[in-house]
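Peer 1: Residue numbers (full-length UniProt numbering): 1 to 131. A virtual CB, placed ideally from N, CA and C, is assigned to each residue, including glycine.
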């Protein structure tokens with residue numbers, strides 16, 4: 001039996017500040033938000049983000065854990081970087097030119113990193129690995 005086609009549905013992670021984490025995704029990635037008890041469900045046309053209320057429990061992330069979002073062009077990445085910067089987002093990097101495509105990282109409330117990238121300028125050696 002072969003596996004039927006799947007699509008990415010959602011990511012779910014804890015936050016000790018659900019409202020601030022939800023506001024980040026609403027502001028910068030244009031998600032719409034609704035509450036589910038003390039948690040939040042954020043929606044876009046292509047995926048959902050569930051932010052679970054961690055309450056007073058500590059939330060610790062592995063050092064390199066992050067959530068990645070892909071944009072079509074380098075220009076789009078640079079424009080969103082400017083929007084994050086001008087909005088006061090925590091940006092541990094500038095736009096980085098990388099062999100797998102330009103990217104930058106932002107720290108969202110709650111401590112997880114978000115990577116915004118494009119494959120438009122990826123090195124030819126990596127293009128065959130993208131689907």
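List the whole-angstrom C-beta distance separating residue 12 from residue 59, where the pair is believed to meet the contact cut-off of C-beta under 8 Å.
Peer 2: Not a contact, Cβ separation roughly 13 Å.
Peer 1: When we look at the beta-carbon of residue 25 and count the other beta-carbons within 10 Å, is it buried (16 or more) or exposed?
Peer 2: Buried is the call here.
Peer 1: Unbroken beta strand (DSSP E) runs of length 3 or more, entirely within the UniProt domain "VOC" (7-119): which are they?
Peer 2: DSSP runs (the beta strand (DSSP E)) wholly in the UniProt domain "VOC" (7-119): 10-15, 32-36, 39-43, 48-53, 66-71, 103-107, 113-118.
Peer 1: Apply the 10 Å Cβ neighbour rule to residue 132 and answer buried if 16 or more other Cβ atoms are within range, or exposed otherwise.
Peer 2: A question about residue 132 goes unanswered here, because the residues of the chain that appear run from 1 up to 131.
Peer 1: Please confirm whether any heavy atom of the ligand MG lies closer than 7 Å to the CB of residue 53.
Peer 2: Among the components of this structure there are no ligands whatsoever, and the ligand MG is therefore not found.
Peer 1: Roughly how many angstroms separate the alpha carbons of residue 107 and residue 1, rounded to a whole number?
Peer 2: Approximately 42 Å, taken between the alpha carbons.
Peer 1: Touch check for the region 36-43 and the region 70-78: three-plus C-beta pairs under 8 Å?
Peer 2: In short, these stretches do not touch, since the Cβ pair count stays below three.
Peer 1: If contact is defined by three or more beta carbon pairs under 8 Å, each pair taking one atom from either stretch, is the region 15-31 in contact with the region 101-117?
Peer 2: With the cut-off at 8 Å, the region 101-117 and the region 15-31 touch.
Peer 1: Report the residue from 34, 117, 21 whose alpha carbon sits nearest the alpha carbon of residue 93.
Peer 2: Here the closest residue by C-alpha is 117.
Peer 1: In terms of residue numbering, what span does the alpha helix (DSSP H) encompassing residue 126 cover?
Peer 2: Its alpha helix (DSSP H) spans residues 124-127.
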